[in-house]
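K.L.:
Pasting in a structure now, in structure tokens, and then I'll have a few things to ask.
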Amino acid sequence: MTSPKDFNDRLLSLGLARVSEAAAHASARLIGRGDEKAADQAAVNAMRDQLNKLDIKGVVVIGEGERDEAPMLYIGEEVGTGAGPAVDIALDPLEGTTLTAKDMPNALTVIAMAPRGTLLHAPDVYMEKLAIGPGYPTDIVSLDMSPAERVRALAKARGLKDSDITVCILERPRHEELVAEVRSTGAAIRLITDGDVAGVIHCAEAELTGIDMYMGSGGAPEGVLAASALKCMGGQMWGKLLFRNQDEKDRAAKAGITDLDRIYSRDEMVTADVIFAATGVTNGSILAGVKREPHYLQTETILMRSKTGSVRRMIYRNPIK
Numbered sequence: 001m002t003s004p005k006d007f008n009d010r011l012l013s014l015g016l017a018r019v020s021e022a023a024a025h026a027s028a029r030l031i032g033r034g035d036e037k038a039a040d041q042a043a044v045n046a047m048r049d050q051l052n053k054l055d056i057k058g059v060v061v062i063g064e065g066e067r068d069e070a071p072m073l074y075i076g077e078e079v080g081t082g083a084g085p086a087v088d089i090a091l092d093p094l095e096g097t098t099l100t101a102k103d104m105p106n107a108l109t110v111i112a113m114a115p116r117g118t119l120l121h122a123p124d125v126y127m128e129k130l131a132i133g134p135g136y137p138t139d140i141v142s143l144d145m146s147p148a149e150r151v152r153a154l155a156k157a158r159g160l161k162d163s164d165i166t167v168c169i170l171e172r173p174r175h176e177e178l179v180a181e182v183r184s185t186g187a188a189i190r191l192i193t194d195g196d197v198a199g200v201i202h203c204a205e206a207e208l209t210g211i212d213m214y215m216g217s218g219g220a221p222e223g224v225l226a227a228s229a230l231k232c233m234g235g236q237m238w239g240k241l242l243f244r245n246q247d248e249k250d251r252a253a254k255a256g257i258t259d260l261d262r263i264y265s266r267d268e269m270v271t272a273d274v275i276f277a278a279t280g281v282t283n284g285s286i287l288a289g290v291k292r293e294p295h296y297l298q299t300e301t302i303l304m305r306s307k308t309g310s311v312r313r314m315i316y317r318n319p320i321k
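With the first letter of the sequence shown counted as 1, position 52 gets the number 52 in UniProt numbering; the numbers rise by one all the way through.
Here it is as structure tokens:
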């Protein structure tokens with residue numbers, strides 16, 4: 001395991017931004033083309049190429065899937081030059097493949113890096129998630145509460161009415177009861193079609209996004225990425241793995257998870273300092289999408305470090321050769 005003192009997050013952060021930018025550039029040419037697989041593959045190729053230029057001993061712990069499912073950026077793949085600190089890598093080369101293919105908002109390229117052994121090795125199963133932004137007492141809401149109780153608790157903490165709270169939920173048939181219960185409190189709901197990493201990040205910038213809380217089930221790997229972002233931006237998050245069959249339980253065991261009922265806090269999913277980068281592919285509420293001009297591509301990237309709590313937004317103009 002890399003000692004925190006060996007993890008020079010300040011020096012590595014700009015390299016991480018280049019990784020997410022490269023993936024966004026590569027997938028941009030496929031925006032609106034209707035080909036999800038091609039868009040994702042372009043992002044994967046570019047992200048892997050850039051990662052292998054970094055002076056790290058990196059291991060992908062959240063990636064494109066098991067080795068037999070993904071030829072590149074698979075879980076367990078070693079990346080980097082091998083000269084540098086040992087780190088865990090969590091990534092989603094294109095969060096929102098459908099969003100990209102259909103030219104819909106909030107497609108992102110996402111990557112996080114932390115010292116080796118400090119990111120939860122979440123299997124590719126569902127995770128029940130709950131997140132709120134910074135500035136609240138610890139554990140003011142919890143996964144043990146009903147959805148309505150969470151809304152009421154958050155409203156009380158803010159000195160607001162229940163109807164003043166807005167909750168972000170992934171629009172899926174499995175969430176019909178959740179949506180109905182939240183709406184029964186009078187709270188508003190922002191339904192999103194895809195991209196729950198962005199959905200969780202919305203909570204950390206409530207003044208910009210209007211989102212107070214995120215809840216619902218989505219991919220566990222995306223949960224670790226979202227927790228990485230919240231650790232940098234501030235906010236609280238909880239996740240509980242959900243298993244539909246024995247095969248999914250076996251995946252958890254393979255990832256070293258023995259307590260299948262455990263509820264993970266943000267800092268249990270990300271146990272040390274982390275750096276996080278995301279670049280907009282399509283325009284969204286967090287980041288502008290890739291902008292193509294006659295002689296250059298322009299991207300917007302958010303780059304964050306939990307050690308300092310710094311959040312940097314960068315505009316990158318890259319000449320087209």
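All residues carry an ideal CB built from backbone N, CA and C; glycine is no exception.
(1) Thinking C-beta only, is GLY234 closer than 8 Å to ALA204?
(2) What are the complete beta strand (DSSP E) segments, minimum 3 residues, inside the segment 203 to 254?
(3) Quick one: what's got a C-beta closer than 7 Å to ALA42's C-beta in the same chain, skipping five residues either side?
(4) Name the DSSP bridge partner or partners of LEU91?
(5) In whole angstroms, what separates the C-alpha of ALA229 from that of SER20?
(6) Quick one: residues in its chain with C-beta nearer than 7 Å to the C-beta of SER306, no 5 flanking neighbours on either side, listed in chain order?
(7) VAL59 to GLY216, Cα distance in whole Å?
(8) On a Cα-Cα basis, can you pick out the residue from ALA227, SER163 and THR185 that is closest to VAL200?
(9) Can you say whether ILE320 is buried or exposed, counting buried as having 16 or more other CB atoms within 10 angstroms of its CB?
(10) From the DSSP output, read off the bridge partner residues of GLY58.
(11) Do you know how far the Cα of GLU95 is from the Cα of ARG48?
(12) Following the continuous alpha helix (DSSP H) through GLY15, name the residue where it begins and the one where it ends.
(13) From LYS240 to ASP35, what distance separates their C-alpha atoms?
(14) Apart from the five residues just before and just after ARG317, which ones in its own chain have a Cβ nearer than 7 Å to its Cβ?
(15) Only counting the same chain, and skipping five residues up and downstream in sequence, which positions put a Cβ closer than 6 Å to that of LEU54?
(16) Which partner residues of TYR136 appear in the DSSP bridge assignment?
(17) For the beta strand (DSSP E) containing ARG317, list its first residue and its last residue.
P.N.:
Answer, in terms of the structure:
(1) yes
(2) Fully enclosed beta strand (DSSP E) runs of 3 or longer: 213 to 219 and 236 to 242.
(3) ALA26, SER27 and LEU30, listed in sequence order.
(4) ILE111
(5) 14 Å
(6) LYS231, CYS232, ASP273 and VAL274
(7) 29 Å
(8) ALA227
(9) ILE320 is exposed by the Cβ-count criterion.
(10) BP columns for GLY58 point to VAL79 and VAL87.
(11) 15 Å
(12) 9 to 28
(13) 32 Å
(14) Excluding sequence neighbours, ARG317 sits near TYR296 and GLN298.
(15) GLY15 and GLY80
(16) In the DSSP output, where bridge partners are listed per residue, TYR136 has none listed.
(17) Residues 310 to 319.
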